[in-house]
Amino acid sequence: MGAIILLLAAFIFLVDAAFMLGKVKPQGAATVNAVVGFVMLVAAIFLASSAKDSVSLITSGLAMAFCIFYLILAWDLFGDYDLAGLGWYCLGAGVYVALASYFYFTAGDVRFGIFAISWAVLFLAAFGSLALQKAWGKFIGWLLAVESIVTLLIPAFLMFIGKW
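Everything in the sequence shown is counted per UniProt numbering, starting at 1 for the first residue and increasing by one.
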């Protein structure tokens with residue numbers, strides 16, 4: 001289940017990167033965020049309900065942080081609403097993801113510790129951009145594109161082929 005969640009997140013990171021870089025219109029980004037957000041929400045709930053250890057709970061929390069972001073973004077883009085509320089959501093999500101990074105490092109999973117740090121930076125940059133009105137859109141777009149490949153797509157593929 002984790003590899004599928006990573007794969008879906010990789011795809012939506014690329015769509016959101018294109019949106020932030022002005023290559024996808026808001027309605028197109030909203031549609032993809034809504035579909036992926038819903039599918040990831042179902043997967044995250046399944047993961048959380050079957051969790052038997054802290055790793056599964058932390059991981060399902062990460063998936064929830066992202067899928068709720070996607071759903072709020074879709075709602076805001078469909079309705080042409082202000083994104084400041086989503087920005088403040090990103091502050092809380094960024095702090096949680098930073099704490100998850102600490103958990104992964106202390107559990108000995110250095111790779112996911114590093115990935116979670118990069119995702120926390122992304123959430124906190126989104127907070128700065130959306131809530132504090134910092135002009136970081138292009139930076140966030142490129143960060144999404146790079147993180148999509150390095151922290152999501154490649155790890156998901158390696159998990160699928162049993163090389164992770």
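Backbone N, C-alpha and C define an ideal beta-carbon position, used for all residues, glycine too.
Residues in the same chain with beta-carbon distance under 6 Å from A125, minus the five sequence neighbours each way, listed in chain order, please. W136 and I140
So for K134, helix, strand or coil by DSSP? coil
Straight-line CA distance for K25 to N33? 12 Å
Taking S60 as part of the alpha helix (DSSP H), name the residues at either end of that continuous run. S54 to G79
Taking Cβ to Cβ, would you say L47 is nearer than 7 Å to M1? yes
Near G37, which residues of its chain fall below 7 Å by C-beta distance, leaving aside the five closest residues on each side in sequence? C67, Y70, L71 and A74
Distance between beta carbons of A43 and A63, contact taken as under 8 Å: 7 Å
Taking its Cβ as the centre, do 16 or more other Cβ atoms sit within 10 Å of V146, making it buried, or is it exposed? exposed
Nearest to F112 by alpha carbon, out of S49, V55, G22 and D82? V55
Would the stretch 100-110 and the stretch 77-86 be scored as touching if the rule is three or more Cβ pairs under 8 Å? no
Taking the continuous alpha helix (DSSP H) assigned at T31, which residues delimit it? P26 to S49
Terminal residues of the alpha helix (DSSP H) in which S101 lies: A84 to T106
Which residues in the same chain have their Cβ closer than 7 Å to the Cβ of A156, if we skip the five residues on either side of it in sequence? A3, L6, L7 and A10
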